[in-house]
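Comments concern the structure below.
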Amino acid sequence: MAGPRPVVLSGPSGAGKSTLLKRLMKDYEGVFGFSVSHTTRNPRPGEVDGKGLSSLPMLLGAVLLPVADVLSSESSPDYHFTTREKMQEGIDKGEFIENAEFSGNLYGTSKSAIEDVKAKNLICILDVDIQGVKNIKETDLNPIYISVQPPSMEILEKRLRDRQTETEDSLQKRLDAARTDMELSNEPGMFDLVIVNDDLEAAYDQLKSALMEEIQKVQDAKNVMAGPRPVVLSGPSGAGKSTLLKRLMKDYEGVFGFSVSHTTRNPRPGEVDGKDYHFTTRENVQEGIDKGEFIENAEFSGNMYGTSKSAIEDVQAQNLICILDVDIQGVKNIKETDLNPIYISVQPPSMEILEKRLRDRQTETEDSLQKRLDAARTDMELSNEPGMFDLVIVNDDLEAAYDQLKSALMEEIQKVQDTKDCTSSSTHAVCVMAGPRPVVLSGPSGAGKSTLLKRLMKDYEGVFGFSVSHTTRDPRPGEVDGKDYHFTTREKVQEGIDKGEFIENAEFSGNMYGTSKSAIEDVKAKNLICILDVDIQGVKNIKETDLNPIYISVQPPSMEILEKRLRDRQTETEDSLQKRLDAARTDMELSNEPGMFDLVIVNDDLEAAYDQLKSALMEEIQKVQDAKDCTSSSTPAVCVMAGPRPVVLSGPSGAGKSTLLKRLMKDYEGVFGFSVSHTTRNPRPGEVDGKGLSSLPMLLGAVLLPVADVLSSESSPDYHFTTREKMQEDIDKGEFIENAEFSGNMYGTSKSAIEDVQAQNLICILDVDIQGVKNIKETDLNPIYISVQPPSMEILEKRLRDRQTETEDSLQKRLDAARTDMELSNEPGMFDLVIVNDDLEAAYDQLKSALMEEIQKVQDAKDCTSSSTPAVCVMAGPRPVVLSGPSGAGKSTLLKRLMKDYEGVFGFSVSHTTRNPRPGEVDGKGLSSLPMLLGAVLLPVADVLSSESSPDYHFTTREKMQEDIDKGEFIENAEFSGNMYGTSKSAIEDVQAQNLICILDVDIQGVKNIKETDLNPIYISVQPPSMEILEKRLRDRQTETEDSLQKRLDAARTDMELSNEPGMFDLVIVNDDLEAAYDQLKSALMEEIQKVQDAKE
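In the working numbering, the protein residues as written are 5 to 1101.
Below is the structure:
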């Protein structure tokens, strides 16, 4: 089941188990939970059906009353009250992990009851006796098994006699049970931990240590005090804590919050319940304190005050860091809880300085002042205790103290800022917006900033965006609201500024202009990097916010060069020019202030400056390009397409590229795809607009006809037919990765065409010449570049001449092109792999190896189906299991036990057959308890399995089944008694889609057949210890004739020989001991079993 692992706690009464458990639950309140048991007895007065117990465990099985003796009288758990018939039915179905009968009534714990606890992210405690442990070990619950034992029987007997709670006869029964318990607890593998409780503290430490990993999981889970860690801030009055806190909240507005305390006092005029305080009664507060719902509380002037866990959770649920400003006693109280805050103490440099600060306030009497100073002395002493605080700030320098505080909280601040959904219902959004980081670009006019920006946006079209500013001026003719500006009123802008909704604003010519946070969010929501082009004052304004952009300044080499650039423009008056130069001097000075910019680019060489700018932004550019949904509503898609990486395959005609490609596509059918090219030529008869090619690549660019010469005449791809004007427009927009002109028509491959292939989870093959490779390298497509080259020009020439397909002139042109191709292919960085094809098998292995990672991605993908080709990639879900072995080896016995122990984990595909349905058989009906018996093993395994095995099939025709076999849609098939039987890939997918491990029970030939596919199962063979033992087992059955028996034995000899071939099976189990064989089988499948069990649904 999903969630933290349960804990099975066992041990004899009197060993101290209950004492340890109560302490554990007190120390880790809210971490443990208890399932609600089922019972067939009638409810007692006040008991509620299905009501869980929150403070003590359900007392299960035979241990029910003995543990009840130990636990306090407050233990009165309610149950799921049910009937004997209903409960027995559940037990028979395997829905209970343990059950027992007591005083004529059934009691038990269901799997669903444990799941209910785990679903709340609680560790489920199961307190059972030794028989209960054994019962649970027969299930797949996978708990932590812990036994608590007394130091000796003598000590246990003394403890039980000291209780004076039972008769001598009852005591002796308890002691007898304890002896058995102690003996069994020492059996190897019975428990993960046996605690001998001769020292309560040591025993408790052992118990805690064993459970700490699971405890930590619960505590770390989001729904245990979800959100950023709270901060406990403490320190004496006058230490400067409030000053530091105010500044922190001003600088990081919207990042911190305060919980609403509870109080029993009456509301004052204007106070609002739930905002100023939670006003409540003394009874309610006390009840909450008793239940452990408060992390701290105190009484003041006859009224109770306190902070509840739920109040802190309310703050965290808004993605805010909850500040708890408490005194030193409050710190101690919180340390008794599991809140896990950051503890920070702010202390004065000395008592003398603190006293001076307090006296300078002149706000209290001498008596009150002395009390405050006494409290401060205690506070200062305790703050230095090891482990009391994570950080003690001695505030003798406000700036240094503030830096310490910020530094200590920066990780949590960053979490809040980085979160995608950072809005709150009660405060305006001020955290860092989701998406790529914005870029603040600044610098004086004439520094070259605009030139760099234009080039950046041209090279990375669709990666950058601009926010739409707000203004109070009237729209000019043609301007559109929301596109050119957000046109609004002065009152509205001012209101937004007052609320902190703007990151920068200014007034110009009587009108207000500004950039709102929501405008930046709009850009980032499109997965675009938002560019903010602002002056130095704008930079300062943005630094007062928490926007967290990349700050870049572009500066001229010198004032002299800047002045020359500006004068050469001849666009402004001398007065205007001087003002611009004065502003530039200020800009240049401020740009060099430490921390003002992340990067200052001195633009004395445009190429070098551009490289610096690109380098600084490349990480964010890559994020945008890598994003799966990289399309924008206003700009063409130019980021790296989602899905597996495309493959650019190049090389001269005659190098063997097409031969390799055809073989690759045959071996990995349904893994590769080809984009549909665009062309401006008219469609030929029969060509369909937009129709893709499924068996040969689109022939792109300048290589169009040369490759067509090599490929078979069956290659007649269709195209996206378009106009020259439309295609040129799209090329200008950067929507094509390569294009060329041939015979007066344009041809090209668009990014969207490649995306269409990738969207089908296919590897897009691009077959291009060397110029096409260069063109693609100018884009951001990020394919795998592979070149196939001949061993030498001499061999290439011989290959081409042997074709006898072209004139000498044409041949010489082809050879000239090949020389260029071979030279360029060896340039560093041109290709990821250059294959010299002097041995076809070796070349093919190189090609496969280079693409295997991407092939695997396609095969591993959950949605591996294609609209035009059968699904041939590895099916989604847990790996199937191919189980093989001769009849009589014990395979069926092992399989039945496995399915019984792990009910709901395994499934079986429904086979296809061409025979007619028998009476009662249903077409397409799957088998849930026994495997489909496939191929040549059909009847032999049926002999072994019980007569209850009568699977139904997908009934089909011989023609249809043969057609699907020819298409590669079956992983194995065989003919028996004139009918065809087989297992389709889709049938296995149906099982995997249900998160079940598909069992394929096949003979040795079936194993060989499956190995020819890409199914990737776990191969397991079950073999007998020897042929002599196998023959004896089969003869003992007395179910077949001597002739039939000899045939079976002959088949078994072959099976045994082949099973030992290297690589044939992942595991060969020699079944000479059923228990050992079963353990081997379980162990081999446990990883997949665990995957299924861990899946939430």
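Note that the Cβ used here is the ideal one computed from N, Cα and C, for glycine as well.
- By the Cβ-count criterion, residue 336 is exposed, with fewer than 16 other Cβ atoms from all chains shown falling within 10 Å of its own Cβ.
- Residue 984 sits in a strand when the DSSP states are folded into three classes.
- Bounds of any beta strand (DSSP E) do not take in residue 333; it lies within the alpha helix (DSSP H) bounded by 332–339.
- A check of alpha carbon separations from residue 320 across 534, 48, 163, 419 identifies 419 as the nearest.
- By alpha-carbon distance to residue 160, the top candidate from 43, 141, 185, 1055 is 185.
- Here residue 1023 is bridged, per DSSP, to 886.
- With distances taken between CA atoms, residue 405 lies nearest to 353 out of 456, 358, 353, 421.
- Residue burial is scored here from C-beta neighbours: residue 888 has at least 16 other C-beta atoms within 10 angstroms and is therefore classed as buried.
- Nearest in C-alpha terms to residue 748, of all of 51, 686, 983, is 686.
- Counting along the chain, residue 194 sits inside no alpha helix (DSSP H), nor does DSSP assign it H or E at all.
- For residue 1097, the secondary structure class from DSSP, reduced to helix, strand or coil, is helix.
- Here residue 563 is exposed, its C-beta having fewer than 16 other C-beta atoms within 10 Å.
- Rounded to the nearest angstrom, the gap between the Cα atoms of residue 620 and residue 598 is 18 Å.
- As computed with DSSP, residue 1003 is found in a beta bridge with 885.
- Comparing C-alpha distances from residue 16 to each of 594, 154, 840 shows the shortest one belongs to 154.
- For the region 361–391, the full-length alpha helix (DSSP H) segments reaching 4 residues or more read 370–387 along the chain.
- For residue 761, the enclosing alpha helix (DSSP H) stretches over residues 755–763.
- Rounded to the nearest whole angstrom, the C-alpha separation of residue 483 and residue 757 is 35 Å.
- Taking the Cβ atoms as the reference, residue 486 lies roughly 14 Å from residue 530, outside the contact range of under 8 Å.
- A Cβ-Cβ contact shorter than 8 Å links residue 769 with residue 676.
- By the neighbour-count definition (other C-beta atoms within 10 Å, threshold 16), residue 1059 is a buried residue.
- When 494, 1010, 128 are compared, the shortest CA-CA separation from residue 516 is found for 494.
- Annotated three-state conformation of residue 241 is coil, per DSSP.
- Taking the Cβ atoms as the reference, residue 359 lies roughly 6 Å from residue 377, within the contact range of under 8 Å.
- In this structure, residue 771 lies near residue 653, with their beta-carbon atoms less than 8 Å apart.
- Apart from sequence neighbours up to five positions away, the residues of its chain that approach residue 506 with a beta-carbon distance below 6 Å are 500, 518, 520, ordered along the chain.
- Counting every other CB atom within 10 Å of its CB across the protein chains shown gives residue 1076 a total below 16, marking it as exposed.
- Distance between residue 309 and residue 332, taken at the CA atoms: about 16 Å.
- Comparing alpha carbon positions, the residue from 968, 1085, 1056 closest to residue 1022 is 1085.
- A buried status is given to residue 523, since no fewer than 16 other beta-carbon atoms sit within 10 Å of its beta-carbon.
- Counting along the chain, residue 1054 sits inside the alpha helix (DSSP H) bounded by residues 1046–1063.
- By the C-beta density criterion, residue 1042 is exposed, having fewer than 16 other C-beta atoms within 10 angstroms.
- A distance below 8 Å separates the beta carbons of residue 882 and residue 1095.
- The C-alpha of residue 1020 is placed about 9 Å away from the C-alpha of residue 885.
- In the DSSP assignment, residue 461 falls within the unbroken alpha helix (DSSP H) covering 453–463.
- Residue state for residue 1068 is assigned as coil, using DSSP reduced to three classes.
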